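Asks: Note that the numbering used here numbers the sequence shown so that position 59 is 71, with each residue one more than the last. I am attaching a structure below and will ask some questions about it afterwards.
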Amino acid sequence: MIYLVGGAPRAGKSILGQRLCTTLKVGWVSTDLLMELLRVANAAGRKVEWNAAPEAITAAAEWFFPYLERFIWGVNSLADHYVIEGVDFLPAQVAQLSTQYPIRAVFLGCSRMTLEGL
13 MIYLVGGAPR
23 AGKSILGQRL
33 CTTLKVGWVS
43 TDLLMELLRV
53 ANAAGRKVEW
63 NAAPEAITAA
73 AEWFFPYLER
83 FIWGVNSLAD
93 HYVIEGVDFL
103 PAQVAQLSTQ
113 YPIRAVFLGC
123 SRMTLEGL
């Protein structure tokens with residue numbers, strides 16, 4: 013089973029991912045690390061800074077999707093269970109992936125988040 017923890021920045025994805033992998037005794041990765049690997053590899057089209065505009069989030073997730081899919085393909089063939097957390101995928105993409113791979117997903121948000129509270 014691949015466990016995906018997505019959602020807004022600063023909503024607790026890493027904390028939940030770490031707790032989940034500790035409870036299940038499985039490995040995990042943040043999409044932040046995968047994006048950093050793509051940055052080092054100089055992958056064309058990658059996002060260079062955070063942009064919270066809905067269009068920018070969608071464009072970044074669409075650009076990242078082929079890399080995420082291949083990572084999930086690899087992890088699924090190597091491990092029984094794995095946790096992936098990050099901001100770089102969307103619910104529609106998870107729905108698409110769930111037709112090919114055993115996936116459970118949750119998306120976190122924070123309705124009371126303010127700039128002052130960060």
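In this text, a Cβ means the ideal position worked out from N, Cα and C, and glycines have one as well. Model, not experiment: these values are computed from the prediction.
Should Lys25 be labelled buried (16 or more other beta-carbon atoms within 10 Å of its own) or exposed?
Replies: So Lys25 counts as buried.
Asks: State yes or no: is the C-beta of Ala121 within less than 8 Å of the C-beta of Gly19?
Replies: Note that residue 121 is Gly in the sequence shown, not Ala. Their beta carbons are under 8 Å apart, which means Gly121 touches Gly19 by this criterion.
Asks: Going by C-alpha to C-alpha distance, which of Ala55, Ala73, Val52 sits closest to Trp62?
Replies: The shortest C-alpha separation from Trp62 is found at Ala73.
Asks: Since Val95 and Val38 should fall inside the 8 Å C-beta cutoff, what is the C-beta to C-beta distance between them, to a whole number of angstroms?
Replies: 6 Å
Asks: Should Thr43 be labelled buried (16 or more other beta-carbon atoms within 10 Å of its own) or exposed?
Replies: buried
Asks: Could you tell me which of Leu46, Leu102, Leu16 sits nearest to Cys33, measuring between CA atoms?
Replies: Leu16
Asks: Would you list the residues sitting across from Arg116 in a DSSP beta bridge?
Replies: Tyr15
Asks: Out of Gly98, Ile84, Ile115, point me to the one whose CA is closest to Pro135's CA.
Replies: Examination of residue 135 is not possible in this model, given that the chain is present from 13 through 130 alone.
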